Amino acid sequence: MKAYVAPFAIDFDVTLKCNQKCLHCNVRGGEHFEDEMNTGEIETLIQEFYDIGVYDLAITGGEPLMRHDWRQIVKFTCSRGPWKTVINTNGILWTESDMQFVSEKCPELRIVVSLDGYTPETYGILRKDADGNPNMKGFDKVVDNLQKMHEYGLYTNVNFTVTRLNRDYLFNTLDVARKLHTQGFLAIKFFPYGRGGQNLEQLELSYNDWKTLLLELTKMKEEDSSLEYFQVSVTCPWEYYLPLMSEGYTIDDIEHIWNYMTPLGSEIYRSMRDLGCNAGVTTCALSPNGDVFPCGTVSARVPGLLCGNAREKGLSSVWKNSEMFHKLRQLNLSEIRGACTDCEYKDVCGGGCRSRAFVQRNDLRDPDPLCPFNQNMEI
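In our numbering, the protein residues as written are 211 to 589.
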């Protein structure tokens with residue numbers, strides 16, 4: 211395998227316009243952003259993604275349905291060929307006409323809908339309207355649209371961002387999603403960027419809170435084989451392995467229960483690097499103006515991690531020639547400060563999250579600030 215030919219997966223923020231202003235949004239959706247690309251420019255880039263071998267493309271935002279041309283973008287994307295295509299949406303703006311369109315023109319499209327609570331009140335804890343008030347009305351609209359999407363035969367997933375404010379509502383929200391016949395449910399551990407970073411203190415889970423929750427979820431998965439579709443998304447491998455291995459689970463147990471494997475578990479990946487963070491290695495993200503960033507957690511609102519502009523140079527050129535990408539790819543575990551080099555978990559973790567280190571400490575070589583070993587905690 212030739213290294214760094216193309217990213218495996220891309221998050222493409224086609225707009226930062228949004229009908230919500232959520233507390234946790236990593237791109238500060240709904241706030242002004244200049245110079246978004248037009249339809250033709252977006253299609254040119256999507257064609258390039260396909261041509262260079264990208265496998266997984268997520269069309270996201272903001273709220274993609276705020277673009278008047280979102281249908282054209284989705285139709286063009288799905289027509290390229292056999293690759294995984296996702297649209298991330300808050301689910302509020304969908305009409306039955308939209309659903310009919312997708313069922314006829316893009317039946318393979320995966321519609322990922324955010325649902326961060328199980329009642330209007332719990333939904334409104336994170337999800338605010340354009341004026342910043344709890345968007346309790348949005349809950350009923352999302353639930354109704356998920357039900358209709360099922361009736362149209364569309365493929366739907368639910369995303370639930372886990373924060374300190376709503377962690378207690380995860381299980382009930384999962385029950386709602388099951389009743390709505392969604393094909394997947396993803397609990398996403400909050401990452402502190404954008405507006406989420408501005409609300410860090412009220413949203414960030416402590417390590418012990420995360421460990422307690424992950425253990426509960428793991429036991430639930432072990433006991434209920436019907437929950438195969440329920441998954442957890444973390445920013446970097448230690449957030450899976452450390453809480454569970456410290457309680458006696460083996461690497462094989464974790465990978466079997468969660469269908470998750472650290473990038474360092476791949477011989478091909480390990481032959482290239484010893485860091486577990488795959489930002490700029492297998493992934494990247496694009497902002498609405500074509501700016502390229504190492505991963506989807508940071509994107510437009512972290513200018514210090516800008517890798518170049520695909521609108522001007524094409525993604526392939528940025529991917530191969532960006533100084534920031536080169537810095538990320540050339541980093542070694544021995545260069546990461548803190549406890550990493552001598553850590554017993556280094557072979558599955560590989561140094562933690564580089565973007566989190568940069569955002570909070572302004573240095574790619576600093577330790578992951580959330581790792582409990584870097585906080586001198588007893589595990």
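Quick reminder that beta carbons are idealized off the backbone N, C-alpha and C, glycines included.
Just so it is clear, the structure is predicted and the values come from calculations on it, not from any experiment.
Using a 10 angstroms sphere on the CB of Glu438, the tally of other CB atoms stays under 16, which defines it as exposed.
By the Cβ test, the stretch 286-298 is in contact with the stretch 262-270, since at least three Cβ pairs between them sit closer than 8 Å.
Under DSSP, the beta-bridge partners assigned to Gly394 are Asn367. DSSP places Ser532 outside both helix and strand once states are collapsed to three, so it counts as coil.
For the pair Tyr328 and Leu319, the Cα-to-Cα distance works out to about 25 Å.
Judged by DSSP secondary structure, Phe349 falls within the alpha helix (DSSP H) whose first and last residues are 346-361. As a beta-bridge residue in DSSP terms, Val296 pairs with Ala268, Arg320. Here His278 is exposed. Its C-beta has fewer than 16 other C-beta atoms within 10 Å. With fewer than 16 other beta carbons inside 10 angstroms of its own, Thr551 counts as exposed.
Residue pairing by DSSP places Asn236 opposite no residue, since no beta bridge is assigned to it. The C-alpha of Asp350 lies about 15 Å from the C-alpha of Asn229. The alpha-carbon of Asn542 is positioned some 12 Å away from that of Gly562.
With contacts defined as CB atoms closer than 9 Å, Pro217 and Thr472 fail to qualify as a contacting pair. Within the stretch 461-525, complete alpha helix (DSSP H) segments of at least 4 residues are found at 461-468, 477-482, 520-523, given in chain order. A direct Cα-Cα distance of roughly 17 Å separates Tyr362 from Gly394. For Cys505, the closest alpha carbon among the candidates Gln257, Ala340, Phe440, Thr445 is that of Thr445.
The beta carbons of Pro447 and Gly486 sit about 5 Å from each other, so the pair counts as a contact at 8 Å.
Burial is judged here by how many other beta carbons sit within 10 angstroms of a residue's own beta carbon; Val215 has fewer than 16 and is exposed. Taking C-beta atoms as the reference points, Val512 and Tyr403 count as a pair closer than 9 Å.
Counting only the Cα atoms, Ser481 lies some 30 Å from Val296.
Between Leu325 and Thr383 the beta-carbon gap is near 6 Å, inside 8 Å, which marks them as a contact. If you look at Asp308, you'll find it in the alpha helix (DSSP H) that goes 306-315.
The closest CA to that of Trp468, considering only Leu454, His360, Ser476, Glu477, is found on Leu454. For the 9 Å CB-CB criterion, Thr305 and Leu356 do not form a contact. Exclusion of the five residues before and after Leu425 leaves Pro453, Leu454, Glu457 as the residues of its chain whose Cβ lies within less than 8 Å of its Cβ. In the same chain as Met346, and ignoring 5 residues on each side of it, the C-beta atoms closer than 8 Å to its own belong to Pro330, Glu331, Tyr333, Gly334, in chain order. Ranked by how close their Cα comes to the Cα of Tyr479, the residues Glu449, Lys530, Arg539, Glu533 have Arg539 in first place.
A buried status is given to Pro498, since no fewer than 16 other beta-carbon atoms sit within 10 Å of its beta-carbon. Residue pairing by DSSP places Ser443 opposite Ile398 in a beta bridge.
Between Cys235 and Gly407, the beta carbon gap of about 10 Å keeps them out of contact (Cβ cut-off 8 Å).
Going by beta carbons, Val352 and Ile302 fall inside the 9 Å limit. Rounded to whole angstroms, Asp578 and Cys494 show a C-alpha spacing of 19 Å. By the Cβ neighbour-count rule, Pro274 is buried, with 16 or more other Cβ atoms within 10 Å of its own.
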